[in-house]
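Participant: What follows is a single structure, and I will ask about it in a moment.
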Amino acid sequence: MPSSAGPSIDTITEGGRVTQVGEGQEAEETAPPVMTFGAPTAGEILAERYELVEHINNDSAGRLVWRGVDVILRRPVAVVLRYPGGDSATEMLQAAVAASRVIHPNLVGVYDAIDEDVRAYVVREWVDGRSLRDLVAEGPLDPARATAVGNAVASALAAVHATGMVHGNVHPGTVMISDDGRVVLADARTDGDDSQEADIRAVGGVLYFALTGHWPHAEAPLRGATAGHGRAAIPDAVRDASGAIAAPRQVRAGVPAYLDDLTMDLLDAEIAPPSSDVLSAELGRLDIPAEDHFLDQTGTIRFTADGVEDRSPLAAAGGRKVAIGIAGLLAVALVGLLIGITTLGGGDSPETEPVARPSTSAPAGDATPAPVVRKLAIQDIRIIDPDSRQRNELGDAEKMMDGDEDKGWETDTYYSANFSNYKKGMGVWIDLGAPHTVKSLTATLSDSGVSAALFTGSGDFPSTSQGDKDLVKGFKTRIGQPFEQHDGTKMAFDGFDPEQKYQYLLFWITELPSTERGFKLGVQEISVQGS
1 MPSSAGPSID TITEGGRVTQ VGEGQEAEET APPVMTFGAP TAGEILAERY ELVEHINNDS
61 AGRLVWRGVD VILRRPVAVV LRYPGGDSAT EMLQAAVAAS RVIHPNLVGV YDAIDEDVRA
121 YVVREWVDGR SLRDLVAEGP LDPARATAVG NAVASALAAV HATGMVHGNV HPGTVMISDD
181 GRVVLADART DGDDSQEADI RAVGGVLYFA LTGHWPHAEA PLRGATAGHG RAAIPDAVRD
241 ASGAIAAPRQ VRAGVPAYLD DLTMDLLDAE IAPPSSDVLS AELGRLDIPA EDHFLDQTGT
301 IRFTADGVED RSPLAAAGGR KVAIGIAGLL AVALVGLLIG ITTLGGGDSP ETEPVARPST
361 SAPAGDATPA PVVRKLAIQD IRIIDPDSRQ RNELGDAEKM MDGDEDKGWE TDTYYSANFS
421 NYKKGMGVWI DLGAPHTVKS LTATLSDSGV SAALFTGSGD FPSTSQGDKD LVKGFKTRIG
481 QPFEQHDGTK MAFDGFDPEQ KYQYLLFWIT ELPSTERGFK LGVQEISVQG S
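Note that full-length UniProt numbering gives residue 457 to position 457 of the sequence shown, counting from 1, and the numbers run on in steps of one.
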């Protein structure tokens, strides 16, 4: 997401770091300057809106990359200028206009494209971070992080391809990793040589580079690149005598076989690649951190009487979870044993009166007392984020059910209340373990000014590649009325039908509260009352 302020000159140049790129072709600090007539100066305002703050670099295509500020919206921007404008800038402007139509958290946002004839410029999102090329220069990524990067790139391409367009410029210089961990794809190009298949093959190249530090397509350097720039500056892959590249597992140890196979299949011209949405779904399935910390919030695994596993729809299997499940069953058995010992030790006969007897004032025809409302145990809780594949907001869900209101789950910080237009909302998925009569749900929040609603539906995890999106579609029944700009820090939903039973609930957040540094929400605790 955009940063609230651009970095200083020292931050940008320290260690040879280049923050922003133009058209994916990053200039070395030692690159000769590109001389242009009437070059802009710091403080100049373009189109009566975009103030130029600092010249970052010149790319090998002759474009100037500046850090700027949108003086109307007061947000940092990157301004990429080309001299001259007119016909020579047509491709750059057309690509920018096309890219601006696709909104996705893994794509750099394009805000404006202007041709002034003597010059043309594109205004886009400012990203504080480094390109994948610069990051891997310090050493190849571990397999889990490389998978996450490939997943983000494939997800961005799926959004582009869904519109019928092509990116045409996927390589380590256009893949950027922001300081907050967000992976974004920048600088789309369009010409007759581009194809969606080439985009998908390039994901294989990105995976190969992330895992090995070598680029498998060095025989096809970046169009217009000069020595020392763009792809030409990336080390070629290790090759045998016939020119065939070595597999990632042959270059470094520790690369999982499945990731090695997927990467090499994407690079093999003899194997038809999958569509970008299928590739995105597969990488999303593989994008699980090695420490498995996203699975810690899934709760215990439940088993049926015949031993067949009957887990929560969103729970993932694992020996550790089996151990937790068995421990839970033993704990229940121990409690039952203690109760039995206490009862027998008292010398009471089997006819001993129950602890709670029906009220004597109840009508004679009533066979059973009214159920006692109590706090229901939440068996499983998960963060649902259907419009994003970022993992940094999915942890700590279990803190919303630990009884401690000082600790909870929180969103990232956004620059607007509607998640910076990156997504329609986020949700907290709740599994009560079995159908219950529910009286109310209470959410304790970090701040006021939150808009949210509560839904119920099927908890069956969808088998399609859409994942969370299909899960959300299954929650169609709203409980009570939504809270719009709620002025308190506790939301209580009590519109449940007393004649129905509920197992799965979805607390859906649509608007974030304002904080000192942006828009962010913490959900400290969620409790459900019922019987």
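For each residue, glycine too, the CB sits at the ideal point set by N, CA and C.
1. Taking DSSP as the reference, what is the three-state secondary structure of N58?
2. If you run the structure through DSSP and keep just helix, strand and coil, what is T90?
3. Look at the Cβ atom of W126, then the Cβ atom of A78, and state whether they are nearer than 7 Å.
4. With which residues is residue 544 paired in a DSSP beta bridge?
5. State the Cα-Cα distance for the pair L81 and D180, rounded to the nearest angstrom.
6. If you follow the alpha helix (DSSP H) that H161 is part of, which residue opens it and which one closes it?
7. Would you kindly report the start and end of the unbroken alpha helix (DSSP H) that includes L267?
8. For D470, which three-state DSSP category applies?
9. Using beta-carbon positions only, say whether P105 and Y415 come within less than 7 Å of one another.
10. Could you tell me which of I103, P76, Y111 and L107 sits nearest to L93, measuring between CA atoms?
11. From which residue to which residue does the beta strand (DSSP E) around F209 run?
12. Taking the alpha carbon of I177 as the point to measure from, which residue in A159, G518 and V149 has its own alpha carbon closest?
13. Buried or exposed: which applies to G488, given that a residue is buried once 16 or more other Cβ atoms fall within 10 Å of its Cβ?
14. Assuming V153 contacts V183 under a Cβ cut-off of 8 Å, what Cβ separation, rounded to an integer in Å, is found between them?
15. Is DSSP giving K375 helix, strand or coil here?
16. Should V372 go down as buried or exposed, given a rule of 16 or more other Cβ atoms within 10 Å for buried?
17. Starting from residue 532, trace the beta strand (DSSP E) both ways and give me its first and last residue.
18. Quickly, what does DSSP pair S178 with across the bridge? List them, please.
19. Just how far apart, CA to CA, sit F209 and E410?
20. When the Cβ atoms of the segment 233 to 243 are set against those of the segment 113 to 131, are three or more pairs found closer than 8 Å?
21. If K375 sits next to S527, beta carbons under 8 Å apart, how far is it from one beta carbon to the other, in whole angstroms?
22. For the beta strand (DSSP E) that contains D70, what are its first and last residues?
23. Please name the residue or residues paired with H486 in a DSSP beta bridge.
24. Just to confirm, are E393 and D412 a CB contact at a threshold of 7 Å?
Facilitator: So, to answer that:
1. Three-state DSSP puts N58 in a strand.
2. For T90, the three-state secondary structure derived from DSSP is helix.
3. In this structure, A78 lies closer than 7 Å to W126 by Cβ.
4. The requested residue 544 does not occur in the structure, where the chain is confined to residues 1 to 531.
5. Rounded to the nearest angstrom, the two C-alpha atoms are 27 Å apart.
6. According to the DSSP assignment, H161 belongs to the alpha helix (DSSP H) that extends over P143 to A162.
7. It spans A257 to L267 - the alpha helix (DSSP H) in which L267 sits, taken as one unbroken run.
8. Collapsing the DSSP output to three states places D470 in a helix.
9. With a cutoff of 7 Å on beta-carbon distance, P105 and Y415 are scored as not near each other.
10. For L93, the nearest C-alpha among the options comes from Y111.
11. From DSSP, F209 is part of no beta strand (DSSP E) but of the alpha helix (DSSP H) over Q196 to T212.
12. Nearest of A159, G518 and V149 to I177, Cα basis: V149.
13. Counting Cβ neighbours within 10 Å, G488 comes out exposed, since fewer than 16 surround it.
14. Their Cβ separation, rounded to whole angstroms, is 7 Å, which keeps V153 and V183 in contact under 8 Å.
15. Annotated three-state conformation of K375 is strand, per DSSP.
16. Under this definition V372 is an exposed residue.
17. In the structure displayed, the chain extends from 1 to 531; residue 532 sits before or after that span and is not available.
18. Looking at the DSSP assignment, S178 forms a beta bridge with G129.
19. Rounded to whole angstroms, F209 to E410 spans 33 Å at the Cα level.
20. Inter-segment contact for the segment 233 to 243 and the segment 113 to 131 is absent: fewer than three beta-carbon pairs are separated by less than 8 Å.
21. Their Cβ separation, rounded to whole angstroms, is 6 Å, which keeps K375 and S527 in contact under 8 Å.
22. Residues L64 to D70.
23. DSSP lists V450 as partners of H486.
24. Cβ distance < 7 Å, so E393 and D412 count as in contact.
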